[in-house]
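When we follow my numbering, the leftmost residue of the sequence shown carries the number 3, and every step to the right adds one. From the three backbone atoms N, C-alpha and C, an ideal C-beta is built for every residue, glycine too. Here's the structure, in structure tokens; my notes come after.
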Amino acid sequence: MRDINKNKMFSDRLMWFQWGFVIAVFLFIIYLFAVQVLDVRHFRVKAKNQRRASSFVMRGDIYDRNGIKLATDTVYFDIFARKEDFVHTPEELAKMLAPILKISQVDLTEKLRQDVSLISLKKNVDRHTRDKIAKLNLREIPMDKKSIRTYPQGTLAAHVLGYYNFDADVASGVELTAKDKLESVTKSSDIEVTPKGKVIYDLTTDPVAATKPVKGEDVTLTIDAAVQHVCEKALMKAIEKFKAQRGAVIVMNPRNGEILAYAVYPYFDPNNFKSATSFQIKNWTLTDIFPPGSTFKIITVASAMELGKINKYTKVNDTGKIKVGWWTIKNYDYNRHPNPGMIDLVYLFEHSSNVGSVIVAQMMSRFEYYGMLKKFGFGEKTGIDLPGESVGLLKSPSRWDSSDHASMGYGYGSSVTAMQMVSAVAAIANDGIRITPHVIKYSPEEEAVKIKKTPVMTPEHARAVTELLTESINRGKSPIKSDSFNIAAKTGTSIKPKENGTGYTNKLYTSIVGYMPSSDPQVLIYVIVDSAQGGEIWGNTVAAPIFKEISTQISHILNLQPDKFPTRPKAENLKAGMEE
Numbered sequence: 003m004r005d006i007n008k009n010k011m012f013s014d015r016l017m018w019f020q021w022g023f024v025i026a027v028f029l030f031i032i033y034l035f036a037v038q039v040l041d042v043r044h045f046r047v048k049a050k051n052q053r054r055a056s057s058f059v060m061r062g063d064i065y066d067r068n069g070i071k072l073a074t075d076t077v078y079f080d081i082f083a084r085k086e087d088f089v090h091t092p093e094e095l096a097k098m099l100a101p102i103l104k105i106s107q108v109d110l111t112e113k114l115r116q117d118v119s120l121i122s123l124k125k126n127v128d129r130h131t132r133d134k135i136a137k138l139n140l141r142e143i144p145m146d147k148k149s150i151r152t153y154p155q156g157t158l159a160a161h162v163l164g165y166y167n168f169d170a171d172v173a174s175g176v177e178l179t180a181k182d183k184l185e186s187v188t189k190s191s192d193i194e195v196t197p198k199g200k201v202i203y204d205l206t207t208d209p210v211a212a213t214k215p216v217k218g219e220d221v222t223l224t225i226d227a228a229v230q231h232v233c234e235k236a237l238m239k240a241i242e243k244f245k246a247q248r249g250a251v252i253v254m255n256p257r258n259g260e261i262l263a264y265a266v267y268p269y270f271d272p273n274n275f276k277s278a279t280s281f282q283i284k285n286w287t288l289t290d291i292f293p294p295g296s297t298f299k300i301i302t303v304a305s306a307m308e309l310g311k312i313n314k315y316t317k318v319n320d321t322g323k324i325k326v327g328w329w330t331i332k333n334y335d336y337n338r339h340p341n342p343g344m345i346d347l348v349y350l351f352e353h354s355s356n357v358g359s360v361i362v363a364q365m366m367s368r369f370e371y372y373g374m375l376k377k378f379g380f381g382e383k384t385g386i387d388l389p390g391e392s393v394g395l396l397k398s399p400s401r402w403d404s405s406d407h408a409s410m411g412y413g414y415g416s417s418v419t420a421m422q423m424v425s426a427v428a429a430i431a432n433d434g435i436r437i438t439p440h441v442i443k444y445s446p447e448e449e450a451v452k453i454k455k456t457p458v459m460t461p462e463h464a465r466a467v468t469e470l471l472t473e474s475i476n477r478g479k480s481p482i483k484s485d486s487f488n489i490a491a492k493t494g495t496s497i498k499p500k501e502n503g504t505g506y507t508n509k510l511y512t513s514i515v516g517y518m519p520s521s522d523p524q525v526l527i528y529v530i531v532d533s534a535q536g537g538e539i540w541g542n543t544v545a546a547p548i549f550k551e552i553s554t555q556i557s558h559i560l561n562l563q564p565d566k567f568p569t570r571p572k573a574e575n576l577k578a579g580m581e582e
């Protein structure tokens, strides 16, 4: 009886176990049905996401204002060997690949024998080489596509363009400031790939999008490649002649702030930026500051005129030298002209009178003068769309002593950047309105946000300063004097400070800034040369000839209309001549 009960109990348990198993199988079937049929979309999307890869993205191109390509992305390939996929021996692979990769078979075999999962064979291979390898159908040789930034014009405008390092995602110049736009992709196309990177094609796959890289937006610069070439060539010639350390030429349209040329020496090739030194790559016209010298006399006279301290007919007593505090200030030509006497402002510019400039500066209080310098943009960034700009050095007027006040008048009390000088003088050329300098060509909407217009002085006072500068060139013996154009300009020479800021070296900065035609300024040219050597080193002898060469050539390139015409003989004189 007991055995019968045990058997029955076992049979009941077995039956329940069997029913449990059947129910479990049934539930599993329902689950599979739900997963594979009812909820298929969720898992299909999940699978797609695991296989999804974005299309290859290339940066936009950079063009000059006339459509000349200055920077572009070129596609290259890195060639690898995947050890786990080897179906050939290292010797066999080396024999096939060595002639294509132009690597010795022995070296390539040694590489392929490395005990690592992924072996780098060669980087930056062009498409032609890649296609040759692809024809071999070697499953163990994957090839990664990438883009490398190339600069078709070589060193042209290198400090404006900067460079872009694809591997480290590091940039400078416009490549940095316009990064968001150059990499902006409005429509991205996702594709599905295998774990080894091969495209999975189905009915929804766009074959063009799968193979064609996505490209960022293009950027157009204000730079004119022809004007840029002229400036770089003229600057280089002077650098070599005077064995100078550095130099720069900036050409700008003062009416709208567009920079037409921006040559910075020493040059470098952005295609090979890794071999360039930091000294070559640095745009020192934005980062480094220096005493502007006599070009600053333009700002001194303009400030005093705007404040009503002088007018264009004002005369000052130039005694040749003047003592301010413990310091005696002399004119550069004191030994030849010890006491010029009462001079007008044209004479002040023409002969670069230090004493005259000090007297004009002293007509303004420290706070009045400082206020005008701030209006001209000194002591702050110009806002140019390039990285690394310095604010310069302009002391608070509460810290000025009498020497600071006086020396400021002729360009030694403050330190400026080259771009600050360009921006300040351009304001005078533009009837007293200072406009943000820029190298990127903006749409009207972008311009309204990015480009500021700051009133500095009245149009009447700005034009009066222009008249004085123009007359100083026409009346004197300046090498930049033109038969066709009236030019408003001023040269400058200043002693180069030591790098530690204590004292001065025996080197000079020589410069000139001017605009033309002065009746309707279309271009402003600023030239500066650092540490020229040999002979007479002045702004008039070093920088002015560069200005002359550039202004002559770009007047033709830009088709500037002359504003200086030869005087026509009177009718009676013509008649008398005919009678004779």
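Three-pair Cβ contact test at 8 Å for the segment 260-269 versus the segment 470-486 | no
Going by CA-CA distance only, name the one from Met344, Lys97, Arg84 and His90 that's closest to Asp117.
-> Out of Met344, Lys97, Arg84 and His90, Arg84 has the C-alpha closest to the C-alpha of Asp117.
Within 10 angstroms of its Cβ, does Gln535 collect 16 or more other Cβ (buried), or is it exposed?
-> exposed
Taking buried to mean at least 16 other C-beta atoms within 10 Å of its own C-beta, is Trp18 buried or exposed?
-> Exposed, because fewer than 16 other Cβ atoms sit within 10 Å of the Cβ of Trp18.
Using 10 angstroms around the beta-carbon of Ile31, count the other beta-carbons present and answer buried if the total reaches 16, otherwise exposed.
-> exposed
Could you please give the first and the last residue of the uninterrupted alpha helix (DSSP H) stretch that includes Met423?
-> Ala420 to Ala431
Per DSSP, what kind of secondary structure is Phe79 in: helix, strand or coil?
-> strand
For Val329, the nearest candidate out of His407, Asn313 and Leu375 (CA to CA) = It should be pointed out that residue 329 corresponds to Trp in this sequence rather than to Val. Out of His407, Asn313 and Leu375, His407 has the C-alpha closest to the C-alpha of Trp329.
Just to confirm, are Met538 and Ala236 a CB contact at a threshold of 8 Å?
-> For the record, residue 538 in the displayed sequence is Glu; it is not Met. No.
In this structure, does DSSP put Ser417 in helix, strand or coil?
-> strand
Taking 8 Å as the threshold, find out whether the segment 378-395 comes into contact with the segment 213-227 through three or more Cβ pairs.
-> no
Residues of its chain near Pro523, where Cβ-Cβ distance is below 6 Å and the 5 sequence neighbours each way are ignored = Pro256, Ala431 and Tyr517
Which residues bound the beta strand (DSSP E) around Val251?
-> Arg248 to Met254
Exposed or buried, what is Pro446 when buried is set at 16 or more other beta-carbons lying within 10 Å of its beta-carbon?
-> exposed
Asn508: which of Lys181, Glu260, Thr495 and Gly62 sits nearest, CA to CA?
-> Of the listed residues, the one whose Cα sits closest to Asn508 is Thr495.
His558: buried (16+ other C-beta within 10 angstroms of its C-beta) or exposed?
-> exposed
DSSP three-state assignment for Ser496, whether helix, strand or coil | Of the three classes helix, strand and coil, the one that applies to Ser496 here is strand, per DSSP.
What is the rounded straight-line gap between the Cα of Leu526 and the Cα of Met254?
-> If you take the alpha carbons of Leu526 and Met254, they lie about 5 Å apart.
Output the distance between the C-alpha atoms of Thr460 and Ala278, rounded to the nearest integer angstrom.
-> For Thr460 and Ala278, the gap between their C-alpha atoms comes out near 46 Å.
Of the residues Thr316, Asn313, Asp387 and Ala159, which one's Cα is nearest the Cα of Val229?
-> Taking only the C-alpha atoms, the option nearest Val229 is Ala159.
Three-way DSSP call (helix, strand, coil) for Met60 in this model = Note: Met60 maps to strand in three-state DSSP.
Look at the alpha carbon of Arg115 and the alpha carbon of Asp169, and state the distance between them as a whole number of angstroms.
-> 27 Å
In chain order, what residues of the same chain have a beta carbon less than 6 Å from the beta carbon of Leu545, not counting five sequence neighbours either side?
-> As written in the sequence, residue 545 is Ala, which differs from the Leu given in the question. Within the same chain, Thr512, Ser513, Ile514, Val529 and Val531 come within 6 Å of Ala545 by CB-CB distance, once the 5 residues on both sides are set aside.
Flag this pair as yes or no: are the beta carbons of Asp80 and Asp128 separated by less than 8 Å?
-> no
Let me know if Ile25 comes out buried or exposed under the rule of 16 or more other beta-carbons within 10 Å of its beta-carbon.
-> exposed
Using a threshold of 8 Å, state whether the C-beta atoms of Val467 and Val303 are closer than that.
-> yes
Reduced DSSP category for Gly609 - H, G, I as helix; E, B as strand; rest coil = Any question about residue 609 goes unanswered here, given that the chain covers just 3 to 582.
Please classify Leu123: is it buried, with 16 or more other beta-carbons within 10 angstroms of its beta-carbon, or exposed?
-> buried
Environment of Arg54 [buried if 16+ CB atoms lie within 10 Å] = Annotation note: pLDDT 48 at Arg54 (below 50); position unreliable, coordinate value reported separately. Classification of Arg54: exposed, given that the 10 Å Cβ count is below 16.
How big is the Cα-Cα spacing for Ile261 and His440?
-> Between the alpha carbons of Ile261 and His440 lies a distance of about 6 Å.
With Glu177 and Gly164 assumed to form a contact (beta carbons below 8 Å), what rounded beta-carbon distance in angstroms separates them?
-> 4 Å
With a CB to CB cut of under 6 Å and the five nearest residues on each side skipped, what residues in its chain are close to Thr438?
-> Only Gly259, Gly385, Ile453 and Lys454 meet the Cβ criterion.
Please check if any C-beta of chain D sits within less than 8 Å of the C-beta of Trp402.
-> Looking for chain D here will not work: only one protein chain is present.
Do Val326 and Ser404 come within 8 Å of each other at the CB atom, strictly closer than that value?
-> yes
Buried/exposed call for Val172, threshold 16 Cβ in 10 Å = exposed
Classification of Asn337 by the beta-carbon crowding that lies within 10 angstroms, buried from 16 upward | exposed
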